[in-house]
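Okay, so the sequence shown: first residue is 194 according to the working numbering, each after it adds one.
Read through the structure below, which is laid out as structure tokens, and then see the notes.
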Amino acid sequence: MMARLWVFLIIDVVFVSAYFACGRNKFENGLADVLVTRDCRPKVEAFNECCMAHDECYTAQSGKKSCDDVFCDCISSASRDTLCIRESKWFCLLVRVAGDSAYYGS
Numbered sequence: 194m195m196a197r198l199w200v201f202l203i204i205d206v207v208f209v210s211a212y213f214a215c216g217r218n219k220f221e222n223g224l225a226d227v228l229v230t231r232d233c234r235p236k237v238e239a240f241n242e243c244c245m246a247h248d249e250c251y252t253a254q255s256g257k258k259s260c261d262d263v264f265c266d267c268i269s270s271a272s273r274d275t276l277c278i279r280e281s282k283w284f285c286l287l288v289r290v291a292g293d294s295a296y297y298g299s
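Spelled out as structure tokens, the structure:
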């Protein structure tokens, strides 16, 4: 039973969720999509829009801190009054802590 769950999760993460913009690669995109879809399905599009804007900000090299601040505000607003607050805090923390390679690689 557990093996089937893992297979389903891997298929979903790698193949089904390729459109989701949160993350640095297909695996991270899929994982983020699964987390957001599981806990706050009505906010998937709002989260995705925040991530796309964040990617554009990094590409424009508009300042990592500035991009991260705008992203954290966007994702916090998107999750207001929902169960998604936990995810928004994690997403914000991840871009601040692990976003250097994505920013400087843009």
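The C-beta atom is built at its ideal place from N, Cα and C for all residues, glycine as well.
Since we're looking at a predicted model, the values are computed, not measured.
Terminal residues of the alpha helix (DSSP H) in which residue i lies
i	result
residue 273	Per DSSP, residue 273 belongs to no alpha helix (DSSP H) and is neither H nor E.
residue 219	219-233
Beta-carbon separation (whole angstroms), residue i vs residue j, contact threshold 8 Å
i	j	result
residue 212	residue 251	Between residue 251 and residue 212 the Cβ distance is about 19 Å, and since that is not below 8 Å, they are no contact.
residue 287	residue 232	Not really, about 16 Å apart at Cβ, beyond 8 Å.
residue 246	residue 267	7 Å
residue 244	residue 265	So it is not a contact: roughly 12 Å between Cβ atoms.
residue 299	residue 254	7 Å
residue 236	residue 229	7 Å
Residues near residue i in its chain [Cβ-Cβ closer than 7 Å; skip 5 each side]
i	result
residue 239	271
residue 304	A question about residue 304 goes unanswered here, because the residues of the chain that appear run from 194 up to 299.
residue 225	213, 215 and 216
residue 248	214
Own chain partners of residue i with C-beta closer than 8 Å, once the 5 adjacent residues on each side are dropped
i	result
residue 274	none
residue 300	Lying before the first or after the last residue shown, residue 300 is absent from the chain, which here runs from 194 to 299.
Beta-carbon proximity check, residue i vs residue j, cutoff 7 Å
i	j	result
residue 281	residue 269	yes
Chain-order list of residues whose beta-carbon lies under 6 Å from that of residue i (same chain, five-residue window excluded)
i	result
residue 278	272
Runs of 4 residues minimum, wholly inside the segment 238-299: which ones carry the alpha helix (DSSP H) assignment? Fully contained in the segment 238-299 are the following alpha helix (DSSP H) runs of length 4 or more, in chain order: 257-272, 278-291 and 293-297.
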